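Under my numbering, the first residue of the sequence shown carries the number 69, and numbering increases by one thereafter.
Glycine included, each C-beta is placed from N, C-alpha and C at the ideal position.
If you're wondering where the values come from, they're calculated on a predicted model, not measured in any experiment.
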Amino acid sequence: MRSSDTEMLFIDIAEDQSLSVHARLVLVWAFGNRHESRFRVSHIRDSLGISEGTWRRIRAELVLRKILTVKRKFKSGIITWDIKFNFDAITPKES
Numbered sequence: 069m070r071s072s073d074t075e076m077l078f079i080d081i082a083e084d085q086s087l088s089v090h091a092r093l094v095l096v097w098a099f100g101n102r103h104e105s106r107f108r109v110s111h112i113r114d115s116l117g118i119s120e121g122t123w124r125r126i127r128a129e130l131v132l133r134k135i136l137t138v139k140r141k142f143k144s145g146i147i148t149w150d151i152k153f154n155f156d157a158i159t160p161k162e163s
């Protein structure tokens with residue numbers, strides 16, 4: 069992705085009125101950190117000061133839009149979440 073394309077997608081995310089303000093906040097943050105190999109829910113919530121209830125609403129909204137995939141894993145009595153952002157699912161505005 070070229071720098072100008074990246075910039076435009078960043079702006080499109082921030083200005084997408086079809087998403088809630090909280091969902092846009094999470095997406096802008098995730099887009100800025102997209103080179104991370106894994107995202108952790110606790111890190112996202114702590115970084116942005118998001119409550120558990122707010123995170124659940126954001127997660128549901130982004131999953132519905134196919135921007136976020138979430139898989140729950142249970143191993144050795146521990147629940148972990150594998151989350152991935154799909155920035156390709158965001159349709160850029162036409163200039």
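Opposite residue i in the DSSP bridges: which residues?
i, result
"Val138", "Ile151"
"Phe99", "According to DSSP, Phe99 bridges with nothing at all."
"Phe107", "Ile151"
"Ile146", "Lys143"
For residue i, count the other beta carbons within 10 Å of its own beta carbon; 16 or more makes it buried, fewer makes it exposed. Which is it?
i, result
"Ala91", "buried"
"Ile126", "buried"
Out of the options, which one is the CA nearest neighbour of residue i?
i, options, result
"Val96", "Phe107, Ser86, Ile81, Ser110", "Ile81"
"Asp114", "Thr137, Val94, Glu83, Thr74", "Val94"
"Asn154", "Gln85, Arg106, Glu83, Val89", "Arg106"
"Thr122", "Asp84, Ser88, Thr74, Glu83", "Ser88"
"Arg133", "Ser86, Glu75, Ser72", "Ser86"
Near residue i, what residues of its chain come up, given a Cβ to Cβ distance below 7 Å and the 5 sequence neighbours on each side ignored?
i, result
"Ile158", "Leu77, Asp80, Ile81, Ile135"
"Arg138", "Inspection of the sequence shows that residue 138 is occupied by Val rather than by Arg. Only Arg127, Val131, Trp149, Ile151 meet the Cβ criterion."
To which residues of the same chain is residue i closer than 8 Å at the C-beta, ignoring the five residues directly before and after it?
i, result
"Phe99", "Leu77, Phe78, Ile81, Phe153, Phe155"
"Lys141", "Ile147, Thr148, Trp149, Asp150"
"Arg102", "Phe153, Phe155"
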